[in-house]
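FYI, in the working numbering the residues of the sequence shown are 739 to 1169. Built from N, CA and C at the ideal position, the CB exists for glycine as well. Please read these numbers as outputs of a predicted model, since none were measured by experiment. Some notes on the structure that comes next.
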Amino acid sequence: MLKLIFKNLWARRRRNGWLLAELILVSIVTWIILDPVIVVTHDRSIPLGYDADRLCLISLSKLQPQAPGYNEEAEDSTVIMNTYFNLVNLVRNYPEVESATPVIGFCYPNSRGNSNTQLGVEGDSVEISIMSMYFLPHTQFFETYGFRPGIGMTPEQLSEYNYTKNDIVFTENTAEHFFKTKDVSGRRCWSRRGTDTTYVSIIGVVGTFRAYSEWRPVSLQFCPMISIDMEDIDDNARILLRIKEGVSMERFLHDFKPWMVKELRGGNLFARSVLSYEDLIVEAEADGATFIYRRNLAMAAFFLINLCLGVIGTFWLQTRTRREEVGVMRSFGGTPGYILRMLMGEGAVLTFVAVLAGCLLYLQYALKEGLANGENWRASTEEYWVTDFTQHFLVVSFIVFFIMLVVVVVGIYIPARRISRIPPTEALRDE
């Protein structure tokens, strides 16, 4: 049958040439549309690396001087800090809460801010860019977030360690990136400010996680907050809580919100809102890359549907014009199944040649400009198939081929099934 398929394609080469050109163009456009959508979809499927299912984040605010109930004496920094920690303890003692921790500043997992610095490995002169997040020691920070333990201390032990200002905690991927090993407790790095060089000690390691839900993992360090900037309390004070296992998040929030409004206040501080971490992630994505991602996804769906309908229509019409040819084959003993397989085989061969040509043409552009890189604006420490040029190109090319093959087969199968079953005399009536 394969020999007959090639003979038929060559015999109809003029008409098939136009089909081939159309398929090449469609395969290139499909590549352009699908590549960024596939990469972002892959990145979002990577596990977060911490247990966000049972997390909630409470945002605090301060009464302004003109607000009713404002207490000027409560503006003392010591009073503010004591009030803040009292609110954390109130949340921690809530019946359905497993643990709670203060979150200060704008750099925490899936926050809308970021902080970056440069670190070098002791004994090496090369500086490596690294993201920084901050935490308060002795506040159940690591276990509340649900970070996976690394080699050495457990998350609970890391939370309770007596840190100095030159102590840090790495993630596993950062340890691998800096030292080529996950066991880095006691190792040192250095940072330079002007002419001053400061050495920092790595106290422990937690599991790899994603700083943002649309990113791949990057190099990251946790820095203890030995002293607290009161401006952070004014603008960026929050309380992270983890509900107990088996507690429904929906029911918890329904019961917790009225209690929070009534009880979670002290001095000039009060709880403004509470949001599950999953909703927080959705909200952060909506203000960031999600809009672009959804727009690209909608555009991809729109163009692909139209392209597919166009290709289906073209092959549908081409197949119907072969009614008399099918009648001749039936008169010489061709079965409906044989004719159907032959017509679909012609379409499959034409599709393979067209997609191969289209992908090779796109490859020339990709070698110069690169492939889609997702939402990361920092280099990831992890290797995935989307970060390997060869694998990336082959996987997306296969997806493009599969889509094109399905479209062409559908465009051929429906009319071919019908004309392959009509009697030869009816097919040849107009001949």
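Q) Can at least three beta-carbon pairs, one atom from the segment 796–816 and one from the segment 972–990, be found at a separation below 8 Å? A) Output reads yes: the segment 972–990 touches the segment 796–816.
Q) Does the segment 936–944 touch the segment 874–891, meaning 3 or more C-beta pairs lie closer than 8 Å? A) Touching, yes.
Q.
Quick check on E911: buried or exposed, where buried means 16 or more other Cβ atoms within 10 Å of its Cβ?
A. The question names Glu, yet the displayed sequence has Asn at residue 911. Per the 10 Å Cβ criterion, buried.
Q: Please go through the segment 798–874 and give each complete beta strand (DSSP E) segment of 3 or more residues, from N-terminal end onward.
A: 835–842, 853–859, 865–873, all fully within the segment 798–874.
**Q.** A1110 to D1126 span [Cα, whole Å]
**A.** Across the structure, A1110 and D1126 are spaced so that their CA atoms are roughly 11 Å apart.
Q. Would A805 be called buried (16 or more neighbouring beta carbons within 10 Å of its own) or exposed?
A. Flag for A805 reads exposed.
Q. Going by DSSP, which residues form a beta bridge with T935?
A. Within the DSSP secondary-structure output, T935 pairs in a beta bridge with R930.
Q.
Could you pull the DSSP bridge partners for G942 from this structure?
A. Under the DSSP definition of a beta bridge, G942 partners with V907.
Q. For the ligand PLP, any of its heavy atoms closer than 7 Å to the Cβ of L979?
A. The model on display carries no ligand, and the ligand PLP is accordingly not part of it.
Q) Helix, strand or coil: which one does DSSP assign to G890? A) Correct three-state label for G890: coil.
Q: Check the C-beta distance from V1093 over to V1138 and give it rounded, since I have them as a contact under 8 Å.
A: Right, the Cβ-Cβ distance comes to about 6 Å (below 8 Å), so this counts as a contact.
Q. Under the three-state reduction of DSSP, which class applies to R954: helix, strand or coil?
A. Reduced to three states, the DSSP call for R954 is coil.
(Q) Tell me the DSSP secondary structure of Y899 in three-state form. (A) For Y899, the three-state secondary structure derived from DSSP is coil.
(Q) I need the straight-line Cα distance from N854 to S1118, nearest angstrom please. (A) In this structure, the alpha-carbon of N854 lies about 14 Å from that of S1118.
**Q.** C-beta contact flag for A812 and G1005 at 8 Å
**A.** Cβ atoms of A812 and G1005: closer than 8 Å.
Q | Within 8 Å, strictly: CB atoms of D781 and G1108 | A | Result no, Cβ atoms of D781 and G1108 do not sit closer than 8 Å.
Q. According to DSSP, is F885 helix, strand or coil?
A. Strand, per DSSP.
**Q.** CB of C927 within 8 Å of CB of E860, strictly
**A.** Yes. Within cutoff.
(Q) Along the chain, where does the beta strand (DSSP E) containing A975 start, and where does it finish? (A) Start and end: 975–981.
Q. Where DSSP assigns a beta bridge to F1008, which residues make up the other side?
A. S799, R1003, per the DSSP bridge assignment.
Q. Does DSSP classify Y788 as helix, strand or coil?
A. Three-state result, Y788: strand.
Q: Measuring alpha carbon to alpha carbon, tell me which of M871, Q878, R989 ends up nearest R830.
A: Nearest of M871, Q878, R989 to R830, Cα basis: Q878.
Q: May I ask you to report which of helix, strand or coil DSSP gives L793?
A: L793 falls in the strand class under three-state DSSP.
Q: Ignore the nearest five residues each way along the sequence and tell me which others in R1116's own chain have a CB closer than 6 Å to its CB.
A: For R1116, the CB contacts under 6 Å within the same chain, skipping 5 residues up- and downstream, are V956 in chain order.
Q. Roughly how many angstroms separate the alpha carbons of A1154 and V778, rounded to a whole number?
A. Just so you know, the alpha carbons of A1154 and V778 end up roughly 38 Å apart.
Q: With distances taken Cα to Cα, identify the nearest neighbour of R925 among Y822, E865, F916.
A: For R925, the nearest C-alpha among the options comes from F916.
Q: Name, in chain order, the residues that DSSP records as bridge partners for Q959.
A: Beta bridge pairing from DSSP links Q959 with S870, F908.
Q: Give me the Cα-Cα distance between S897 and L1002, rounded to the nearest whole angstrom.
A: Between the alpha carbons of S897 and L1002 lies a gap of roughly 24 Å.
Q: Determine, using beta carbons only, whether I906 and I940 come nearer to each other than 8 Å.
A: Yes. Within cutoff.
(Q) Output needed for V864: all residues of its chain with C-beta closer than 7 Å, excluding positions within five of it in sequence on either side, in chain order. (A) Counting only Cβ-Cβ distances below 7 Å, and skipping sequence neighbours, we find G858.
Q: Compute the distance between the beta-carbons of L979 and V775, then report whether it is under 8 Å.
A: No.
Q.
Taking 8 Å as the limit between beta carbons, can you name the residues of its chain near Y822, skipping five residues before and five after?
A. Excluding sequence neighbours, Y822 sits near L798, P840, I971, A975, L1007.
Q. Considering only residues of the same chain and omitting the five flanking positions on each side of I966, which have a CB-CB separation below 8 Å?
A. Answer for I966: M819, I842, L874, listed in chain order.
Q) When you compare only the Cα positions, how much space is there between N900 and E1021? A) If you take the alpha carbons of N900 and E1021, they lie about 35 Å apart.
Q. Is the beta carbon of L772 sitting closer than 8 Å to the one on V999?
A. Between L772 and V999, the gap from beta carbon to beta carbon reaches 8 Å or more.
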